[in-house]
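Right, one structure below, let's go through it.
There are 2 protein chains.
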Amino acid sequence: MNRLTGSDGAPALAILGPQATRLVKELDRVFAGWGLAAGAEEISAPPLFPVTDLEKFDVYTNFPHLAFVAGSLDLADDRFKPVEGRFGAGAVSEARYGLSHATCYGAYLFHEGEQVADDTLVTLVNRCFRNEDHYGGLRRLASFQMREIVALGAYEHTRQVLAGFTERIQSFAAALGIDLRREAAGDPFFQRDDGRALMQKLSPVKYEFQYGDLAIASVNTHRNFFGERCGIRLESGEHAYTSCVAFGLERWLAVLTEHFGADLDAALAAVRAAADPS
Amino acid sequence: MNRLTGSDGAPALAILGPQATRLVKELDRVFAGWGLAAGAEEISAPPLFPVTDLEKFDVYTNFPHLAFVAGSLDLADDRFKPVEGRFGAGAVSEARYGLSHATCYGAYLFHEGEQVADDTLVTLVNRCFRNEDHYGGLRRLASFQMREIVALGAYEHTRQVLAGFTERIQSFAAALGIDLRREAAGDPFFQRDDGRALMQKLSPVKYEFQYGDLAIASVNTHRNFFGERCGIRLESGEHAYTSCVAFGLERWLAVLTEHFGADLDAALAAVRAAADPS
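Just so you know, the protein sequences line up as chains A and B, in that order. Each residue of the first sequence is one higher than the one before, starting from 61 at the first, in the numbering used here. Each residue of the second sequence is one higher than the one before, starting from 61 at the first, in the numbering used here.
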């Protein structure tokens, strides 16, 4: 059973029952395993960062509408009592931390100021948060889990990693009998940067893997955006290039629930078989 | 390597490197395994809940100073640009979600409005958040991971579960060579409730397992507080009693790092051996 909760309208949050939890954990084990088998090291980052760190990634320039910040309450004058399920303007005294809306930020901050090998690969999973104008249960949650495999290093490395995992995602979906379309998508990261926006038109930086209209995975190239912003350098002295492969775990759960007619035990068996065809 | 970040003073956040990540995952696997072996079902809850849900647990009456709320930004007039690493009063337009400061809330909300068996047991892990007046690296973080094993049902069940895991925690620590003291502790949950406050003096509701002055695990009884607030009932019609066993994963990491002289591979081997003495 999934408990879906939300203040009004479509559910914004889900508490997953035992079967759904087993399936999400298995999916995460599979995707993490792909990264580890390709040589990734697993790291673990918190789901919030100092606002100064997220600011470096233009979060508050490019996605202010999607942002949740972690605010502390003004303890004076009983203002910390919520009214009708919300704290209004003025009840939050300040916010020094921002909630992450993507998992990969932790990888760039982990390597901040460092020199990395040309073929660096890390994997991590995290809770992510998005302030959407509408929610839709498992398909669009206020908080969800995203596993990522992140490449840092030479440009060619960041491209090869995405090519390899693109194939892997497609064959895994095929083994599950799931019809995934690969679609070029825009990435709002680069909207304020004319050079990169032009580059994006010449060569898309994001491909989504869609089931119907739902993107359940994506591959993304950032050129040297994060390398520059975090001062991550290659042995050559050049800023590192980065790319990432992202899996929205609750969205995979939504698709598998639909595809297997809500028989989550059958879905779990199919995921295990597709992950290890031997 | 642990990357510790903070705006000023002691680090409030930590990004764990590969060795620390392996150790934390293994600790979590061990503690979750204790729950599963005792018959627990694993569920998975988001790290934030509607303010209305947390309000039911007196969070904003008893812990407003510890609370972080997930606020959205006021997009008018460029107020969403942070100034010196923070959003000040007025920049956050509203907050309808609160960040959880304990993992077990998800278990009560999962069973809200339901009838449960007298011997119900669930386990879950989550990111937790606390707005502390000072931080101290892995010992006191703004966001950390807490695994819990939660008993719901008859009063005797909630007591037996705590007794069993008290023994388990003590023998596990002994096998690791870690000197843990068991100390009665106050629980601010009940500070506003005179009947329960009196009960607490007669019979402590919280015991912590402390390494030096650092609590790395605790066992907690709540009598029927959460059963009443969430309308969880037993077959008898009575409100369910609850108790929980909590493990602060980064604090275990801090203690093991100290105990094993920063040799995290040795710590990992010791954890595996202590968990499975056969």
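Every residue, glycine too, gets a C-beta built ideally from N, C-alpha and C. Quantities reported herein were computed from a predicted structural model and do not represent experimental measurements.
Taking Cβ-Cβ distances shorter than 7 Å, what residues in chain C pair up with residue i?
i              : result
residue 118(A) : Annotation note: the requested chain C is absent from the structure, which comprises protein chains A and B.
Out of the options, which has the shortest C-alpha to C-alpha gap to residue i?
i              : options                        : result
residue 199(B) : 323(B), 318(B), 153(B)         : 318(B)
residue 190(A) : 232(A), 242(A), 107(A)         : 107(A)
residue 302(B) : 265(B), 80(B), 155(B)          : 265(B)
residue 149(B) : 129(A), 144(A), 113(A)         : 129(A)
residue 288(A) : 101(A), 103(A), 118(A), 88(A)  : 118(A)
residue 73(A)  : 122(A), 202(A), 305(A)         : 202(A)
residue 313(B) : 296(B), 337(B), 274(B), 216(B) : 274(B)
residue 238(B) : 116(B), 195(B), 330(B)         : 330(B)
residue 188(B) : 209(B), 197(B), 176(B), 165(B) : 165(B)
residue 309(A) : 71(A), 76(A), 70(A)            : 76(A)
residue 311(A) : 226(A), 221(A), 196(A)         : 196(A)
residue 204(A) : 223(A), 88(A), 95(A)           : 88(A)
residue 173(A) : 113(A), 227(A), 122(A)         : 113(A)
residue 305(B) : 145(B), 81(B), 98(B), 272(B)   : 98(B)
residue 286(A) : 115(A), 227(A), 123(A), 336(A) : 115(A)
residue 123(A) : 160(A), 145(A), 95(A), 215(A)  : 160(A)
residue 126(A) : 127(B), 120(B), 135(B), 125(B) : 135(B)
residue 336(A) : 93(A), 70(A), 296(A)           : 93(A)
residue 215(A) : 272(A), 296(A), 227(A)         : 296(A)
Counting along the chain, where does the alpha helix (DSSP H) carrying residue i start and finish?
i              : result
residue 231(A) : 215-236
residue 201(B) : First-last for residue 201(B): undefined, no H or E at that position.
residue 179(B) : Not the alpha helix (DSSP H): residue 179(B) falls in the beta strand (DSSP E), residues 179-189.
residue 271(A) : Taken as a continuous stretch (DSSP letters only), residue 271(A) belongs to no alpha helix (DSSP H), being part of the beta strand (DSSP E) at 266-271.
residue 143(A) : Per DSSP, residue 143(A) belongs to no alpha helix (DSSP H) and is neither H nor E.
residue 168(B) : 165-170
Quick one, are the C-beta atoms of residue i and residue j less than 8 Å apart?
i              : j              : result
residue 213(A) : residue 180(A) : yes
residue 151(B) : residue 133(B) : yes
residue 183(B) : residue 300(B) : no
residue 154(B) : residue 147(A) : yes
residue 217(B) : residue 290(B) : no
residue 267(B) : residue 243(B) : yes
residue 221(A) : residue 167(A) : no
residue 294(B) : residue 185(B) : no
residue 102(B) : residue 81(A)  : yes
First and last residue of the beta strand (DSSP E) that includes residue i?
i              : result
residue 241(A) : 241-245
residue 110(B) : 108-110
residue 89(B)  : Counting along the chain, residue 89(B) falls outside any beta strand (DSSP E), though it belongs to the alpha helix (DSSP H) covering 78-97.
residue 293(A) : Where residue 293(A) is concerned, there is no enclosing beta strand (DSSP E), given that its DSSP letter is neither H nor E.
residue 302(B) : 301-308
residue 346(B) : Absent from the structure is residue 346(B), since the part of chain B shown begins at 61 and ends at 338.
In chain order, what residues of the same chain have a beta carbon less than 6 Å from the beta carbon of residue i, not counting five sequence neighbours either side?
i              : result
residue 141(B) : none
residue 321(B) : none
residue 277(B) : 229, 269, 307
residue 91(B)  : 207, 307
residue 241(B) : 270
residue 131(A) : 152, 155
residue 225(B) : 305
residue 284(B) : 299, 301
residue 338(A) : none
residue 272(A) : none
Can you list, in chain order, the residues of its chain with a C-beta nearer than 8 Å to that of residue i? Leave out the 5 residues immediately preceding and following it.
i              : result
residue 327(A) : 83, 316, 317, 319, 320
residue 219(A) : 281, 303
residue 332(A) : 86
residue 325(B) : 79
residue 169(A) : 105, 109, 113, 290
residue 245(A) : 264, 266, 267, 268, 275, 278
Spatial neighbours of residue i within its chain, please: C-beta separation below 7 Å, excluding the five flanking residues on both sides.
i              : result
residue 110(A) : 156, 157
residue 334(A) : 232, 235, 236
residue 95(B)  : 181, 183, 209
residue 61(B)  : Because residue 61(B) carries a pLDDT of 45, less than 50, the predicted location of this residue cannot be relied on, and no value is offered for it.
residue 323(B) : none
Margin query: Can you pull out the residues from the stretch 142-163 of chain B whose beta carbon lies closer than 7 Å to at least one beta carbon of chain A?
Written below: 142, 145, 146, 147, 148, 149, 150, 152, 153, 154, 155, 156, 157, 159
Check: Using a Cβ cut-off of 9 Å, which residues of the stretch 282-298 of chain B contact any Cβ in chain A, in chain order?
Finding: none
Checklist line | Members of the stretch 188-218 of chain A that neighbour chain B once the beta carbon cut-off is set at 7 Å | finding: 189, 191, 202, 203
Check: Quick one, which residues of the stretch 314-332 of chain B are near chain A if we go by CB-CB under 8 Å, in chain order?
Finding: none
Checklist line | Contact list for the stretch 103-118 of chain B against chain A, Cβ threshold 8 Å | finding: 103, 104, 105, 106, 107, 108, 109, 110, 111, 112, 113, 115
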